[in-house]
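K.L.:
For reference, the structure I am asking about is given below.
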Amino acid sequence: MIDKSQESITYKYTSLMDRFMSALRDFLIPSRSNFCFTKSSHPIAKYASEVAFLFFKTILHPDQSNDGLNMVNQFLLSLHAIIDKDSIVPRNNIKFSEFYNSMQDCLSVQYFALIGFIQEFSIGQMLIEGSHILTKIYNVLESTELFPFIKAVIPHMNYNNPVCQKFIGAIISKDNSENKLYVLRFLRWYSRQDQNKDFVLLYLTRMLHDLNQSVREEATDVLDEILDCDITACEDVIALNIPYLFLGTIGVKLLSRLATTLPSRSDSFKKLTKFFPYLIEEWCSVRFDLSQNFLVRYCENIETRLNCSLGRPVPDKDSGTLNPFKLGFECHINTYKLHKFINLSKCEHMLNIHLKSDVDYFQIRSKILFIANYASTSKGLKAIEKMDNNILQKIVKLVYHSDQLSLRWFVVN
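Each residue of the sequence shown is one higher than the last, beginning at 106 in this note's numbering.
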């Protein structure tokens, strides 16, 4: 007797397998329909893409033969034919802008992820270069500002490839601030992965001059984060010869970060000393808000580094053991620079501390922090006492009558 229920299950299973294999074949040979109209959330499309990643990983492994490489090459060539603004004529006469606006929900995102995945293999790099698909993507980025296309491409590329680095340049060279802010968010994430930062620094410094204030501020914050405690990145930025003095508060912020990070005896730090007279004259005077004051930024950066270093042991290069004070000591050396490049008579207002009913605790704290750093050397202390012999007594009295101030800065610094 024939078991019809078993036969039905077998038929359904075979049917599902056929549908899945058909979807997998369609996925591996991109066409306009599955690139633009097949939903990436569709179960078959989703699993087909996952299988494709495993399949390509097997093919591209060095131990495998070259038999399957033709399939990878065919995939790239098929995708190459689609990613061309001039030749795309989707079905139903859909417009180019509508075509790319639909990318977020379609298989195109997985295709770009596969391109990035293929680049991770040496043989894959060769196939990518031979297909010229990256050049095609670059041409589209140069000719359009559509955000969905940018969002589909940028996160998945391998930025050790110079052509992929040019993708970023193509986006920031245009006037679309939304696209630039997205790229900046990506560069912030990318720089945190300890990846190649050279091209990131180059593009960030370009965006410091952007006409859009939000773009300038975001680029400054990302660059400041990268420079924090990274001597190599600081040296690379100095080599770019940024016109700090023409950047206003942005230049002050960057110079204060560079000055607190670089070792005082390094050649890179010596290149910064030419800016100090201008910074003291123009960016430490009474007419400027202390939030923009170079000395305040400088001292706050030092305090932040000290607080982080005292709670985070670092490996000693000589012995290999963890030394909880080494980084703190190296950072503390930076406080010695103050009396070397600052004419205290130009900053007399920084010594003017007294408690009023409407006192600005941020200003008082900033001034105490400056005095603490400046007085951390015998020369600095003598210079301050020469200006005001009772300055330390005033600070103690001030802190004694306030619940928002502390002498901890003198203990640390």
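C-beta atoms are modelled at their ideal positions from N, C-alpha and C, and glycine is treated no differently.
Exposed or buried, which one is L316 when buried takes at least 16 other CB atoms within 10 Å?
P.N.:
Counted from its first residue, the sequence shown places residue 316 at position 211. Exposed, by the Cβ-count rule.
K.L.:
Quick one: what's got a C-beta closer than 7 Å to F381's C-beta in the same chain, skipping five residues either side?
P.N.:
The residue labelled residue 381 in the question sits at position 276 within the sequence shown. The residues are F446.
K.L.:
Could you tell me whether any non-hydrogen atom of the ligand ATP is closer than 8 Å to the CB of L456?
P.N.:
As far as ligands go, the structure on display features none, and thus does not contain the ligand ATP.
K.L.:
Just to confirm, are L133 and F160 a CB contact at a threshold of 9 Å?
P.N.:
Your numbering for residue 133 matches position 28 in the sequence shown. Your numbering for residue 160 matches position 55 in the sequence shown. A contact, by the Cβ cut-off of 9 Å.
K.L.:
Leaving out five residues before and five after I496 in sequence, what residues of the same chain have Cβ atoms less than 7 Å from its Cβ?
P.N.:
Working through the sequence shown from its first residue, we reach residue 496 at position 391. Excluding residues within five positions, the ones whose Cβ falls inside 7 Å are L456, I476, I489 and E490.
K.L.:
Within a Cβ cutoff of 7 Å, which residues of the same chain sit near G356, ignoring the five residues on either side of it in sequence?
P.N.:
Counting from 1 along the sequence shown, the entry for residue 356 is found at position 251. So the list reads Y349 and L350, once near-sequence residues are dropped.
K.L.:
Using CA atoms only, rank isn't needed, just tell me which of Q468, A344 and L246 is closest to L307.
P.N.:
Taking the sequence shown and counting its residues from 1, one reaches residue 307 at position 202. Nearest option by C-alpha distance: A344.
K.L.:
Assuming the contact rule is C-beta atoms closer than 8 Å, N284 and I255 should be a hit. Round their C-beta distance to whole Å, please.
P.N.:
Counted from its first residue, the sequence shown places residue 284 at position 179. Counted from its first residue, the sequence shown places residue 255 at position 150. Confirmed, about 6 Å.
K.L.:
For N301, which residues in the same chain have their Cβ closer than 7 Å to its Cβ, ignoring the five residues on either side in sequence?
P.N.:
Counted from its first residue, the sequence shown places residue 301 at position 196. If we look at N301 and ignore the five residues flanking it on each side, its Cβ neighbours are Y264 and N265.
K.L.:
Suppose contacts are defined by Cβ-Cβ distances below 9 Å. Is L219 in contact with N178 by that definition?
P.N.:
Residue 219 sits at position 114 when you count from the first residue of the sequence shown. Residue 178 sits at position 73 when you count from the first residue of the sequence shown. No, the Cβ-Cβ distance between L219 and N178 is not below 9 Å.
K.L.:
Just checking my contact of G229 with L165 at CB under 8 Å: how many whole Å lie between their CB atoms?
P.N.:
Numbered from 1 along the sequence shown, position 124 holds the residue referred to as residue 229. Numbered from 1 along the sequence shown, position 60 holds the residue referred to as residue 165. With a Cβ gap of about 5 Å, G229 and L165 count as contacting.
K.L.:
So, using beta-carbon positions, are I242 and Y287 closer together than 9 Å?
P.N.:
The residue labelled residue 242 in the question sits at position 137 within the sequence shown. The residue labelled residue 287 in the question sits at position 182 within the sequence shown. Cβ atoms of I242 and Y287: not closer than 9 Å.
K.L.:
Would you please state the rounded distance, in angstroms, between the beta carbons of K451 and C389? I believe it to be under 8 Å.
P.N.:
The count along the sequence shown starts at 1 and reaches residue 451 at position 346. The count along the sequence shown starts at 1 and reaches residue 389 at position 284. Correct: roughly 7 Å between the Cβ atoms.
K.L.:
Beta-carbon within less than 7 Å of S282's beta-carbon, same chain only, minus the 5 sequence neighbours each way: which residues are those?
P.N.:
Counting from 1 along the sequence shown, the entry for residue 282 is found at position 177. Counting only Cβ-Cβ distances below 7 Å, and skipping sequence neighbours, we find N317, S319 and V320.
K.L.:
Using only CA atoms, which one of K358, S154, I336 and L384 lies nearest to F374?
P.N.:
To locate residue 374, count along the sequence shown from 1; it is residue 269. Comparing Cα-Cα distances from F374 to each of K358, S154, I336 and L384, the minimum goes to I336.
K.L.:
If I'm right that I188 touches V268 with Cβ under 8 Å, what's the distance once you round it to whole angstroms?
P.N.:
In the sequence shown, residue 188 corresponds to position 83, counting from 1. In the sequence shown, residue 268 corresponds to position 163, counting from 1. 14 Å between Cβ atoms; not a contact.
K.L.:
Give the straight-line distance between the Cα atoms of S296 and K487, rounded to the nearest whole angstrom.
P.N.:
Within the sequence shown, the letter at position 191 stands for residue 296. Within the sequence shown, the letter at position 382 stands for residue 487. Whole-angstrom Cα-Cα distance: 43 Å.
K.L.:
Between the alpha carbons of S213 and V305, how many angstroms are there, rounded?
P.N.:
Walking along the sequence shown from the start, residue 213 turns up at place 108. Walking along the sequence shown from the start, residue 305 turns up at place 200. Taking the straight line from one Cα to the other gives about 26 Å.
K.L.:
With C-beta atoms as the reference, is L384 less than 9 Å away from L352?
P.N.:
On the sequence shown, position 279 is the one that residue 384 refers to. On the sequence shown, position 247 is the one that residue 352 refers to. Taking 9 Å as the Cβ cut-off, L384 and L352 do not qualify as a contacting pair.
K.L.:
Output needed for E386: all residues of its chain with C-beta closer than 8 Å, excluding positions within five of it in sequence on either side, in chain order.
P.N.:
One-based indexing of the sequence shown puts residue 386 at position 281. So the list reads K451, once near-sequence residues are dropped.
K.L.:
Can you say whether P167 is buried or exposed, counting buried as having 16 or more other CB atoms within 10 angstroms of its CB?
P.N.:
Within the sequence shown, the letter at position 62 stands for residue 167. By the neighbour-count rule (16 or more Cβ atoms within 10 Å), P167 is not buried but exposed.
K.L.:
Inspect the beta-carbon positions of T378 and L332 and report whether they are closer than 9 Å.
P.N.:
By one-based count along the sequence shown, residue 378 stands at place 273. By one-based count along the sequence shown, residue 332 stands at place 227. Taking 9 Å as the Cβ cut-off, T378 and L332 do not qualify as a contacting pair.
K.L.:
Quick check on the burial criterion: 16 or more other C-beta atoms within 10 angstroms. Buried or exposed for T68?
P.N.:
Because the chain in this structure spans residues 106 to 518, residue 68 falls outside the shown range and cannot be described.
K.L.:
Smallest Cα separation from E250: which of E453, I277, Q270 and M492?
P.N.:
In the sequence shown, counting from the first residue as 1, residue 250 sits at position 145. With distances taken between Cα atoms, E250 lies closest to I277.
K.L.:
What separation, rounded to the nearest whole angstrom, lies between the Cα atoms of V501 and D493?
P.N.:
In the sequence shown, counting from the first residue as 1, residue 501 sits at position 396. In the sequence shown, counting from the first residue as 1, residue 493 sits at position 388. About 14 Å.
K.L.:
Which residue spans inside the stretch 215-239 form an unbroken alpha helix (DSSP H) run of at least 4?
P.N.:
227-236, all fully within the stretch 215-239.
K.L.:
Would you call the CB atoms of R362 and D341 closer than 9 Å?
P.N.:
Counting from 1 along the sequence shown, the entry for residue 362 is found at position 257. Counting from 1 along the sequence shown, the entry for residue 341 is found at position 236. No, they are not a contact pair.
K.L.:
Can you grab the Cα-Cα spacing for the pair C339 / K358, in whole Å?
P.N.:
Stepping through the sequence shown from its first residue, residue 339 is reached at position 234. Stepping through the sequence shown from its first residue, residue 358 is reached at position 253. Near 13 Å, if we compare the C-alpha coordinates of K358 and C339.
K.L.:
Confirm, please, whether the CB-CB distance from S154 to Q224 is below 9 Å.
P.N.:
The residue labelled residue 224 in the question sits at position 119 within the sequence shown. The residue labelled residue 154 in the question sits at position 49 within the sequence shown. The answer is no: Cβ separation not under 9 Å.
K.L.:
Pull up the distance between the alpha-carbon of D508 and that of Y466, whole angstroms please.
P.N.:
If you number the sequence shown from 1, residue 508 lands on position 403. If you number the sequence shown from 1, residue 466 lands on position 361. Straight-line Cα distance between these residues: approximately 10 Å.
K.L.:
Tell me which same chain residues have a C-beta within less than 6 Å of the C-beta of K279, skipping the five on either side of it?
P.N.:
Counting from one through the sequence shown, the residue named residue 279 turns up at place 174. Cβ neighbours of K279 beyond the five flanking positions: E250.
K.L.:
Please state whether DSSP places Q300 in a helix, a strand or coil.
P.N.:
Counting from 1 along the sequence shown, the entry for residue 300 is found at position 195. Of the three classes helix, strand and coil, the one that applies to Q300 here is coil, per DSSP.
K.L.:
Give the straight-line distance between the Cα atoms of L181 and L292, rounded to the nearest whole angstrom.
P.N.:
Position 76 of the sequence shown, counted from the first residue, corresponds to residue 181. Position 187 of the sequence shown, counted from the first residue, corresponds to residue 292. Using only the alpha carbons, I get a separation of about 27 Å.
K.L.:
May I have the straight-line CA-CA distance separating V156 from E408, to the nearest angstrom?
P.N.:
Taking the first residue of the sequence shown as position 1, residue 156 is located at position 51. Taking the first residue of the sequence shown as position 1, residue 408 is located at position 303. Answer to the nearest angstrom: the Cα atoms are 52 Å apart.
K.L.:
When we look at the beta-carbon of P368 and count the other beta-carbons within 10 Å, is it buried (16 or more) or exposed?
P.N.:
The count along the sequence shown starts at 1 and reaches residue 368 at position 263. Exposed.
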